[in-house]
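Since the structure comes first, as structure tokens, the remarks are kept for the end.
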Amino acid sequence: MIFDQQNMYMDNSLTSNVIANVGGGDAADPLFLVITAPTALATSGTITAALETSDSESFGTKTVVATYTLAASKKGILVAAKLPYGMKAFSRLTVSGASGGKLTAGLTETVPNWPG
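When you number the sequence shown by numbering that gives the first Met the number 0, it's gap-free, plus one each residue, and the end is 115.
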């Protein structure tokens, strides 16, 4: 699995201000969203990652196209999923509920085959 820096939402962080221009539309060869944790995440509740999309880079009107519950006690691959149908030109990933830890998240053409 190779991450392109242009398609990275997070790199060893819990926050991101990255807005990826994915071009919009549905692809014949879709990209995959991969979220990994080098160490287990800390929380006092539920950790959720939301994939949002919009027609504009300002995200004035946004649509949440997918949400993922992240396991707090696990490290390694937490999510490996095809981008859902309905993607618009711009996308971003938001994470809520985590009080500690780090994530690496981005879009890739292949699903990782190493253990999670």
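For glycine and all other residues, C-beta sits at the position ideal for the given N, C-alpha and C.
Nothing here was measured: the structure is a model prediction, and the numbers come from that model.
Would a C-beta distance cut-off of 8 Å place residue i and residue j closer than the cut-off?
{"i": "residue 11", "j": "residue 37", "result": "yes"}
{"i": "residue 20", "j": "residue 71", "result": "no"}
{"i": "residue 49", "j": "residue 35", "result": "no"}
Note down the Cα distance separating residue i from residue j, rounded to an integer number of angstroms.
{"i": "residue 101", "j": "residue 40", "result": "7 Å"}
{"i": "residue 84", "j": "residue 91", "result": "15 Å"}
{"i": "residue 77", "j": "residue 22", "result": "26 Å"}
{"i": "residue 54", "j": "residue 64", "result": "13 Å"}
{"i": "residue 43", "j": "residue 105", "result": "25 Å"}
{"i": "residue 73", "j": "residue 82", "result": "23 Å"}
{"i": "residue 111", "j": "residue 8", "result": "17 Å"}
{"i": "residue 52", "j": "residue 17", "result": "12 Å"}
{"i": "residue 80", "j": "residue 109", "result": "10 Å"}
{"i": "residue 61", "j": "residue 93", "result": "12 Å"}
{"i": "residue 86", "j": "residue 58", "result": "13 Å"}
{"i": "residue 56", "j": "residue 75", "result": "31 Å"}
For residue i, collect the residues of the same chain with a Cβ closer than 7 Å to its Cβ; drop the 5 residues on either side in sequence, then sort them by chain order.
{"i": "residue 95", "result": "47"}
Looking only at its own chain, which residues have a Cβ that is under 8 Å from the Cβ of residue i, when we skip the five neighbours before and after it?
{"i": "residue 107", "result": "0, 1, 2, 3, 6, 30, 31, 33"}
Can you tell me the Cβ-Cβ gap for residue i and residue j, rounded? I've got them flagged as a contact below 8 Å.
{"i": "residue 121", "j": "residue 45", "result": "Outside the modelled stretch of the chain, which goes from 0 to 115, sits residue 121, for which no answer is possible."}
Using a Cβ-Cβ cut-off of 6 Å (strictly less than) and excluding sequence neighbours within five positions of residue i, which residues of its own chain qualify?
{"i": "residue 97", "result": "13, 40, 42, 46"}
{"i": "residue 99", "result": "41"}
Residue i bridges to which residues according to DSSP?
{"i": "residue 86", "result": "According to DSSP, residue 86 bridges with nothing at all."}
{"i": "residue 76", "result": "35"}
{"i": "residue 51", "result": "63, 91"}
{"i": "residue 46", "result": "69"}
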